[in-house]
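A short write-up of the structure that comes next.
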Amino acid sequence: MKTVAEFLAEALIAAGVERAYGIVGTSVLDFYDALSSHSGKLEVITVRHEQTAVSAADAEFRSSGKLSCAIVHAGPGFLNSAISLGIAMKDRVPLLLISGGVKRRLRGTDAWLEVEQKSVADGLVKVYEVVDDENDLPEVFSKVYESMLTWPYGPGVIEIPEDLWDAELSSVEHVEPPQFQVPKEAPETHDLIEKMRNAKQPAILACGELVRRPDYNPESLKVLSERLSAYVITSGNGRGAIPEDDAMCAGRVGFGGGSLTADRILEDCDFLLVLGNELDDVTTYGYTLLPRGDVVVVSEDPSADVRPLYYTRIRADPAHVLNELARKALNAETADREEWVKRVRSYTEMWNSTLSSFSSKETKLVNPARFFDVLNEKLGRERIVVGGQGTHVIFANNNLKVFSPGTYLAATNLGAMSYALPAGIGAKKANPERDVVVVAGDGEIMMTIQELETVKRENLNLKIVIVNDNSYRVLYIKQLLQKQGRVFQTILENPDFVMLSESFGIPAMKVDSNDQIEEGVEFIIRDGPRLVELVIDRDEIPPLNLNATLKMGSV
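Here's what the structure looks like:
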């Protein structure tokens, strides 16, 4: 007979899970013991904070499409994972969290470690199941996986009481490896393709819901956009839907690092096809930047029902609909939209000129745009970029290009700092052959800096760039522009990041002038974990749609 711990370990392996991230505790010690006998099939990685465990598992799915797992101790361990569960839930990322629980006889007695975990998780996870009987585990496991892999994707939690791990199942059912939901038949798309053909200035917004689907085909998006001269703009989660150097890709749209080209296309298009669920307050600057023409949203996500309804909604898998539209576009005449093409070209030229001017600008300290331009040329095309939250992420959007789905990772829809370094760990473990670059601000990196020990212990060839302006810069700039310059509690005093990194055994370099940029880039691309600190001027405002950003903050 198999114990609960043995069954769960084997079920994870059968489901294709290759790694579990976590921190051991008394409530999961028996599970760790069972996992030790499966180390050749399922790697267990100890991290230094539970939020890292969940965000590393999150990043594995985003960057590889493979499900991963996190393991946490009951009570405090679970509570430490909450922010990362929220990040995954908001960005529609499936992952499994296995949490310990207090012994069943102690439930409801205000016991040591006891908190109402399921109530805390409400709104942060897609599904939460507590196993009270060992023989319920096979059904619970299948139920949680089925829920996680049905759109909207999201994290699932299985809580197992400490006293249940050694219980033996009376019979062991074979658990089929979980499968993603099979796309339903696409709705009729003839009217949709005709609307796109009849538009004079069409555009397509590619979202996370599109690129996360197992049936998403980037070639379909290229065909549709090229045949109909419909420019592609992306949400943060949609970056890489098509290569960002493709002539039909205008880049990321909206708050937090959108290109002015993409913003202008969003505003000027007379027909917008939204493939996914992210025509939201982020992509539209709080619904202050909206298309002039018709909008059709193709999404199965319930969020599309609760947002301002200024669009037509088609409830369907956007990847499946896209494939049908591309097939029809191949059989249709190529649309001639010379004026639209000229207009977008002028937007692109102006935006590129703005970026070039900023990159060539001489600055008191290092010019981060110039550093990332040089780094962009050195990285392999299959690179993965992991961005934090803050002004620094604008450089990850503007100056580091990505070329395929799942190669730009950020806490886009929760806007949470602390994601970048943990996600970099998961992305690198899942993609050891790819360049993985973490771009984090000084404020963000201090929230998870202890994970440098994990990076070193695992010998991850991870590249970490800290953009150090010694401030919470977004708020600092807002105080300058909107609070009459009253700067309060936004200036920081940081440690010496080079010494700190080296104390963990990771080589590091400080770049604080433009004449060090080439040396800094050559340093960071060498083999092994590397950290570069860019010391920049907090008063330099990077290229962004400042008017739309300020307007968003005032409504």
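Taken in order, the sequence shown gives residues 3 to 557; the numbers are from this note's numbering.
C-beta atoms are modelled at their ideal positions from N, C-alpha and C, and glycine is treated no differently.
Owing to the predicted nature of the structure, the values given are computational and were not obtained by experimental measurement.
- In the three-state reduction of the DSSP assignment, residue 499 falls in the helix class.
- In the assembly as shown, residue 484 is an exposed residue. Its beta-carbon has fewer than 16 other beta-carbons within 10 Å.
- Taking C-alpha positions only, residue 232 is separated from residue 297 by approximately 13 Å.
- Per DSSP, reduced to three states, the secondary structure at residue 470 is strand.
- One thing to note: residue 527 has its Cβ no nearer than 7 Å to the Cβ of residue 372.
- The residues 468, in chain order, have a CB closer than 6 Å to that of residue 447 in the same chain once the five nearest residues on each side in sequence are set aside.
- Contact annotation: residue 72 and residue 34 have beta-carbon atoms that are not nearer than 7 Å.
- The straight-line gap separating the alpha-carbon atoms of residue 229 and residue 249 is approximately 13 Å.
- Counting only runs of 3 or more residues that sit fully inside the stretch 204-238, the beta strand (DSSP E) segments are 204-208, 233-236, in chain order.
- If you look at residue 512, you'll find it in the beta strand (DSSP E) that goes 510-513.
- Within the same chain, and ignoring the five residues on either side of residue 459 in sequence, no residue has its Cβ closer than 7 Å to its Cβ.
- The C-beta separation of residue 57 from residue 424 comes to about 4 Å, placing the pair in contact by the 8 Å criterion.
- Considered as a whole, the stretch 239-276 harbours 251-254 as its complete beta strand (DSSP E) runs of no fewer than 3 residues, in chain order.
- By the 16-neighbour rule on beta-carbons within 10 angstroms, residue 9 is buried.
- For residue 296, the beta-bridge partners assigned by DSSP are 273.
- If you look at residue 533, you'll find it in the beta strand (DSSP E) that goes 532-537.
- When the beta-carbon positions are compared, residue 474 and residue 428 stay at least 7 Å from each other.
- Shown here for residue 365: same chain residues with a beta carbon closer than 8 Å to its own, the five before and five after excluded, namely 516, 538, 539, 542 in chain order.
- The straight-line gap separating the alpha-carbon atoms of residue 111 and residue 11 is approximately 30 Å.
- Residue 506 and residue 462 have their C-alpha atoms spaced approximately 13 Å apart.
- Distance between residue 299 and residue 216, taken at the CA atoms: about 20 Å.
- Shown here for residue 267: same chain residues with a beta carbon closer than 6 Å to its own, the five before and five after excluded, namely 205, 233, 235, 252 in chain order.
- Counting along the chain, the unbroken beta strand (DSSP E) around residue 314 starts and ends at 314-316.
- One thing to note: residue 441 has its Cβ no nearer than 7 Å to the Cβ of residue 426.
- With the rule of 3 Cβ pairs closer than 8 Å, the stretch 154-173 counts as touching the stretch 128-136.
- Of the residues 345, 312, 209, 294, the one whose Cα lies closest to the Cα of residue 301 is 209.
- Remark: C-beta atoms of residue 535 and residue 490 do not approach each other more closely than 7 Å.
- Separation of residue 40 and residue 227 (C-alpha to C-alpha, rounded to the nearest whole angstrom) is 47 Å.
- With distances taken between CA atoms, residue 99 lies nearest to 83 out of 443, 318, 83.
- Bridge pairing for residue 22: 46, 71 [DSSP].
- Taking the Cα positions, residue 443 is about 10 Å away from residue 420.
- Rounded to whole angstroms, the separation of the alpha carbons of residue 544 and residue 482 is 15 Å.
- In this structure, DSSP gives residue 320 a helical state, which the three-state scheme calls helix.
- Boundaries of the beta strand (DSSP E) harbouring residue 161: 158-163, taken from the DSSP string.
- The C-alpha of residue 450 lies about 26 Å from the C-alpha of residue 240.
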